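Asker: Okay, handing you the structure first.
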Amino acid sequence: MPRFVSPAEAVRGIKDGDCILYNNFLSVINAEQLSAALNERFEKEGHPAHLSLYCSAGLGGWTPGNVCEKIVCLGAVDTVYLSHFGTTPETARLILENKLEAYNLPFGVMSHAIRAAAGGEEYVICDTGLNLFTDPKYKGYQLNERSKKELVQEIVIDGKRRLKYDVPCPDVAFIKGSSCDEEGNISMEDEVAIGDALSIAQLVRRRGGKVIVQVARKLAAPRHPMEMVIPATLVDDICLCPEQTQVQGLPGVDPLFSGQQQLSDEALCEMVRQKAAGAKKDPAKKRIAERAVRELRPGHVVNIGVGAPEYVAEEAARSGILSQVNLTVESGPMRGLPAGGAPFGSAISPHSICTCAEQFDFYDGGGLDICFIGALEIDAEGNVNGHYHPKKLSGIGGFINITQFTHKVVFCTAFSAGGLEFEETPDGLHIKKEGRFPKFVEKVNALSFSAENARAYGQEVLYVTERCVFRLGEKGLVLTEAAPGVDVQKDILDRLPFAVEVELDS
Numbered sequence: 136m137p138r139f140v141s142p143a144e145a146v147r148g149i150k151d152g153d154c155i156l157y158n159n160f161l162s163v164i165n166a167e168q169l170s171a172a173l174n175e176r177f178e179k180e181g182h183p184a185h186l187s188l189y190c191s192a193g194l195g196g197w198t199p200g201n202v203c204e205k206i207v208c209l210g211a212v213d214t215v216y217l218s219h220f221g222t223t224p225e226t227a228r229l230i231l232e233n234k235l236e237a238y239n240l241p242f243g244v245m246s247h248a249i250r251a252a253a254g255g256e257e258y259v260i261c262d263t264g265l266n267l268f269t270d271p272k273y274k275g276y277q278l279n280e281r282s283k284k285e286l287v288q289e290i291v292i293d294g295k296r297r298l299k300y301d302v303p304c305p306d307v308a309f310i311k312g313s314s315c316d317e318e319g320n321i322s323m324e325d326e327v328a329i330g331d332a333l334s335i336a337q338l339v340r341r342r343g344g345k346v347i348v349q350v351a352r353k354l355a356a357p358r359h360p361m362e363m364v365i366p367a368t369l370v371d372d373i374c375l376c377p378e379q380t381q382v383q384g385l386p387g388v389d390p391l392f393s394g395q396q397q398l399s400d401e402a403l404c405e406m407v408r409q410k411a412a413g414a415k416k417d418p419a420k421k422r423i424a425e426r427a428v429r430e431l432r433p434g435h436v437v438n439i440g441v442g443a444p445e446y447v448a449e450e451a452a453r454s455g456i457l458s459q460v461n462l463t464v465e466s467g468p469m470r471g472l473p474a475g476g477a478p479f480g481s482a483i484s485p486h487s488i489c490t491c492a493e494q495f496d497f498y499d500g501g502g503l504d505i506c507f508i509g510a511l512e513i514d515a516e517g518n519v520n521g522h523y524h525p526k527k528l529s530g531i532g533g534f535i536n537i538t539q540f541t542h543k544v545v546f547c548t549a550f551s552a553g554g555l556e557f558e559e560t561p562d563g564l565h566i567k568k569e570g571r572f573p574k575f576v577e578k579v580n581a582l583s584f585s586a587e588n589a590r591a592y593g594q595e596v597l598y599v600t601e602r603c604v605f606r607l608g609e610k611g612l613v614l615t616e617a618a619p620g621v622d623v624q625k626d627i628l629d630r631l632p633f634a635v636e637v638e639l640d641s
């Protein structure tokens with residue numbers, strides 16, 4: 136039976152050199168109180184030191200030095216294995232400065248690796264990442280000179296080239312639940328996602344490690360066994376933390392995020408319309424979403440990414456098509472409306488929530504009809520960099536799993552970033568000032584999406600900007616649409632560092 140202890144007591148058993156496995160998804164399902172206790176112990180004692188952190192999504196917070204990444208900033212961590220760095224900006228900076236050993240692997244692969252390791256497997260074999268930055272021929276997952284571990288190998292099975300990924304070897308699990316019963320079984324009724332909580336507990340227990348779970352409350356009466364996500368048998372320590380919140384940085388618990396309260400599609404659409412009325416919107420993202428949403432068809436199963444694609448979800452609600460499509464989030468929610476900003480990873484009024492590994496089973500199997508996702512860079516061939524620049528490390532997150540096997544991929548990005556200005560008049564769109572950072576480049580800094588793969592898989596690919604639309608052709612980008620008022624030569628073709636085919640309707 137688990138011990139009921141304080142967070143400070145729970146982290147007392149973590150040793151120098153341990154690997155901590157987190158069940159975080161950015162700013163949701165974070166065991167913040169456990170992270171805070173770990174930080175406090177290191178500040179007082181200088182231990183535990185030389186830690187490794189493994190999280191299939193990303194540690195939460197979005198602000199530099201937030202409670203989850205503070206342990207890195209304090210100097211207690213030697214190595215990190217993360218798919219996403221957007222919520223850990225100081226960690227990203229240390230990596231780019233070669234001060235921290237770091238590896239960036241696809242979210243779905245890391246999630247599947249946790250599940251495989253829980254079952255005693257030593258590796259995962261899959262096609263995810265072939266011909267992309269994780270491929271051994273590029274070794275782009277090794278983020279700096281300190282990062283020498285060979286975590287991915289090429290393997291040939293029945294004449295087909297595939298990738299073999301190592302699985303994690305954790306010593307400690309940090310998990311956040313909602314409630315526990317008297318015995319110590321864990322439920323997650325207030326959470327917006329499950330993550331891979333059960334697999335993480337199984338893996339750490341199998342390895343003889345320490346499973347620590349924080350919850351808001353102890354139940355006076357037992358719940359139905361189907362509601363208990365983690366059995367008490369797998370838990371070592373439980374910390375009662377009534378102050379914990381649903382989303383890091385936001386107060387309380389919103390029952391719409393957890394699905395405990397449901398809205399009809401009509402009510403959800405009306406809520407979005409009311410919030411949108413008078414709200415300040417990024418004009419470029421709004422224009423992009425208005426064009427991109429036209430690619431949705433009734434019955435589509437959809438993934439919506441972070442950034443500009445978030446506007447596509449809102450536009451689907453505003454236009455009334457939300458009830459006809461099935462929006463999903465890689466963290467596990469199905470249906471409802473994906474939330475943007477700090478709660479990204481949650482959905483408003485989800486109809487169901489599965490584990491991350493189960494969601495990626497569906498994505499990797501080609502279950503998505505269409506996805507809308509952002510881009511850092513796009514090159515002449517149609518390749519996309521969505522995760523890395525020498526001055527900016529975002530991390531791949533679920534980008535590869537979402538884009539590599541989806542039937543139709545819609546990249547949503549401004550033509551240029553950092554100060555882009557335009558105005559809309561009755562006669563069309565007029566570019567007043569270009570952004571400082573061009574999105575279309577001769578060659579991308581890193582391969583997050585391969586045009587070669589897309590052609591081989593028969594994918595349909597669009598690149599939607601505020602002023603024009605390209606599609607992926609046999610030789611590269613093809614300009615297919617230009618907004619009224621835009622000077623095609625001056626505002627598009629002359630600003631590309633490469634030539635493109637032009638197939639505009641006359």
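Residue numbers (this note's numbering): 136 to 641.
Even for Gly, the Cβ is constructed at its ideal location relative to N, Cα and C.
Given the structure is predicted, the values throughout are model-derived calculations rather than measurements.
1. Less than 8 Å separating the beta-carbons of L639 and A618?
2. Looking only at its chain, what residues have a beta carbon closer than 6 Å to the beta carbon of Q459, apart from the 5 residues adjacent to it on each side?
3. Over the uninterrupted alpha helix (DSSP H) stretch that includes D496, give me the two end residues.
4. Can you look up F507 in the DSSP assignment and give me helix, strand or coil?
5. Does V637 pass the burial test, meaning 16 or more other C-beta atoms within 10 Å, or should it be called exposed?
6. Given N518, which residues of its chain have a CB within under 7 Å of its CB, disregarding the five upstream and five downstream residues?
7. Counting only runs of 3+ residues fully inside the segment 294–372, write out the beta strand (DSSP E) ranges in chain order.
8. Please name the residue, chosen from R571, D331, N536 and G476, that lies closest to G501 on a Cα-to-Cα basis.
9. For the alpha helix (DSSP H) containing N174, name the first residue and the last one.
10. Could you check the C-alpha separation between D629 and V576 for me, to the nearest Å?
11. Can you give, in chain order, each stretch of the beta strand (DSSP E) that sits fully within the segment 182–225 and has at least 3 residues?
12. With 16 as the cutoff for other CB atoms within 10 Å, does I292 come out buried or exposed?
13. Could you check the C-alpha separation between E378 and A351 for me, to the nearest Å?
14. Going by alpha carbons, who is nearest to V437 out of A419, K420 and V545?
15. Along the beta strand (DSSP E) that carries H565, what are the first and last residues, could you check?
16. I need the straight-line Cα distance from R228 to D562, nearest angstrom please.
17. On the criterion of 16 or more Cβ atoms from any shown chain inside 10 Å, does I627 qualify as buried, or is it exposed?
18. Could you please give the first and the last residue of the uninterrupted beta strand (DSSP E) stretch that includes Q288?
19. Can you tell which of Q624, K295 and A211 has the C-alpha that lies nearest to the C-alpha of L188?
20. Candidates G521, E257, S481 and P360: which alpha carbon is nearest V388's?
21. Tell me the DSSP bridge mates of V519?
22. For M469, write down the residues that DSSP places opposite it in a beta bridge.
23. Where in the segment 238–288 do unbroken runs of the beta strand (DSSP E), each at least 3 residues long, occur, reported from the N-terminal end onward?
24. Could you tell me the alpha carbon to alpha carbon distance between L267 and I508, rounded to whole angstroms?
25. With a 10 Å radius around its C-beta and 16 neighbouring C-beta atoms as the bar for buried, classify H435 as buried or exposed.
26. With a threshold of 8 Å, are at least 3 pairs of Cβ atoms found where one atom belongs to the segment 293–300 and the other to the segment 452–466?
27. Do A424 and M136 have their C-beta atoms within less than 8 Å of each other?
28. Measure from the alpha carbon of I365 to the alpha carbon of each residue in A356, V339 and A355, then state which is nearest.
29. Identify every residue that forms a DSSP beta bridge with T560.
30. Compute the beta-carbon to beta-carbon distance between S218 and P241, rounded to the nearest angstrom, for a pair I have assumed lies under 8 Å.
31. Within the continuous beta strand (DSSP E) that includes K421, where are the two ends?
32. Compare the C-beta of I627 against all C-beta atoms of chain C and say whether one is closer than 8 Å.
33. My output table needs one value for E595: the three-state DSSP class, helix, strand or coil.
34. What three-state label does DSSP hand F572 in the structure shown?
35. Alpha carbon to alpha carbon, how far is A477 from A448? Give it in angstroms, no decimals.
36. Taking all protein chains shown into account, do 16 or more other C-beta atoms lie within 10 angstroms of the C-beta of P305, making it buried, or fewer, making it exposed?
Answerer: Put simply:
1. In the sequence shown, residue 639 corresponds to position 504, counting from 1. In the sequence shown, residue 618 corresponds to position 483, counting from 1. No. Outside cutoff.
2. Locating residue 459 in the sequence shown gives position 324, counting from the first residue. Within the same chain, Q459 has close Cβ partners P433.
3. For the purposes of this step, residue 496 is taken as residue 361 along the sequence shown, with counting starting at 1. Per DSSP, the continuous alpha helix (DSSP H) segment holding D496 begins and ends at C491 to D499.
4. Here residue 507 refers to the residue found at position 372 of the sequence shown. Looking at F507 - three-state DSSP - the assignment turns out to be strand.
5. Locating residue 637 in the sequence shown gives position 502, counting from the first residue. It counts as exposed.
6. Your numbering for residue 518 matches position 383 in the sequence shown. If we look at N518 and ignore the five residues flanking it on each side, its Cβ neighbours are V579, L582, F584, S585 and A586.
7. Whole beta strand (DSSP E) segments, 3+ residues: 295–301, 307–311, 345–350 and 363–365.
8. Residue mapping note: residue 501 aligns to position 366 of the sequence shown, counting from 1. When each option's Cα is compared against that of G501, the closest is N536.
9. Along the sequence shown, one-based indexing puts residue 174 at 39. Counting along the chain, the alpha helix (DSSP H) containing N174 begins and ends at E167 to E180.
10. Here residue 629 is taken as the residue at index 494 of the sequence shown, counted from 1. Here residue 576 is taken as the residue at index 441 of the sequence shown, counted from 1. Here the C-alpha atom of D629 lies approximately 13 Å from the C-alpha atom of V576.
11. Those beta strand (DSSP E) runs which fall completely within the segment 182–225 and span 3+ residues are 186–190 and 212–217.
12. Residue numbering aside, residue 292 sits at position 157 when the sequence shown is read from its first letter. Per the 10 Å Cβ criterion, exposed.
13. Within the sequence shown, numbered from 1, the residue matching residue 378 stands at position 243. Within the sequence shown, numbered from 1, the residue matching residue 351 stands at position 216. Using only the alpha carbons, I get a separation of about 7 Å.
14. The residue labelled residue 437 in the question sits at position 302 within the sequence shown. When only C-alpha atoms are compared, the closest one is V545.
15. Residue mapping note: residue 565 aligns to position 430 of the sequence shown, counting from 1. Looking at the DSSP string, the run of the beta strand (DSSP E) that includes H565 is G563 to K568.
16. Counted from its first residue, the sequence shown places residue 228 at position 93. Counted from its first residue, the sequence shown places residue 562 at position 427. Their backbone Cα atoms lie some 45 Å apart in a straight line.
17. Residue numbering aside, residue 627 sits at position 492 when the sequence shown is read from its first letter. Counting every other CB atom within 10 Å of its CB across the protein chains shown gives I627 a total of 16 or more, marking it as buried.
18. Position 153 of the sequence shown, counted from the first residue, corresponds to residue 288. Q288 -> beta strand (DSSP E) spans V287 to I292.
19. Counting from one through the sequence shown, the residue named residue 188 turns up at place 53. If you compare the alpha carbons of Q624, K295 and A211 with that of L188, the shortest gap goes to A211.
20. In the sequence shown, the residue the question calls residue 388 occupies position 253. For the options G521, E257, S481 and P360, the alpha carbon positioned closest to that of V388 is the one of S481.
21. Translated into positions along the sequence shown, residue 519 becomes position 384. Bridge partners of V519: I513 and F584.
22. Translated into the one-based positions of the sequence shown, residue 469 becomes position 334. DSSP links M469 through a beta bridge to T463 and S487.
23. Segments of the beta strand (DSSP E) lying fully in the segment 238–288: 258–261.
24. Walking along the sequence shown from the start, residue 267 turns up at place 132. Walking along the sequence shown from the start, residue 508 turns up at place 373. Their Cα atoms are separated by approximately 17 Å.
25. By one-based count along the sequence shown, residue 435 stands at place 300. If you draw a 10 Å sphere on the C-beta of H435, you find 16 or more other C-beta atoms in it, and that means buried.
26. No, the segment 293–300 is not in contact with the segment 452–466.
27. As a working mapping, residue 424 is identified with position 289 in the sequence shown. As a working mapping, residue 136 is identified with position 1 in the sequence shown. For A424 and M136, no; Cβs fall outside 8 Å.
28. Sequence index remark: in the sequence shown, residue 365 carries index 230 (1-based). Nearest neighbour of I365 by Cα position, chosen from A356, V339 and A355, turns out to be V339.
29. Along the sequence shown, one-based indexing puts residue 560 at 425. Looking at the DSSP output, T560 shares a beta bridge with G563.
30. Along the sequence shown, read from residue 1 onward, the residue named residue 218 stands at position 83. Along the sequence shown, read from residue 1 onward, the residue named residue 241 stands at position 106. The C-beta distance from S218 to P241 rounds to 6 Å, short enough to meet the 8 Å contact threshold.
31. For the purposes of this step, residue 421 is identified with residue 286 of the sequence shown, where counting begins at 1. First-last for K421: P418 to A427, but that is the alpha helix (DSSP H), not the beta strand (DSSP E).
32. Of the protein chains in this structure there is only one, and it is not chain C.
33. Translated into positions along the sequence shown, residue 595 becomes position 460. Here E595 carries a strand assignment [DSSP, helix/strand/coil].
34. Counted from its first residue, the sequence shown places residue 572 at position 437. Strand at F572.
35. Residue mapping note: residue 448 aligns to position 313 of the sequence shown, counting from 1. Residue mapping note: residue 477 aligns to position 342 of the sequence shown, counting from 1. The straight-line gap from Cα to Cα measures roughly 16 Å.
36. Residue mapping note: residue 305 aligns to position 170 of the sequence shown, counting from 1. Buried is the call here.
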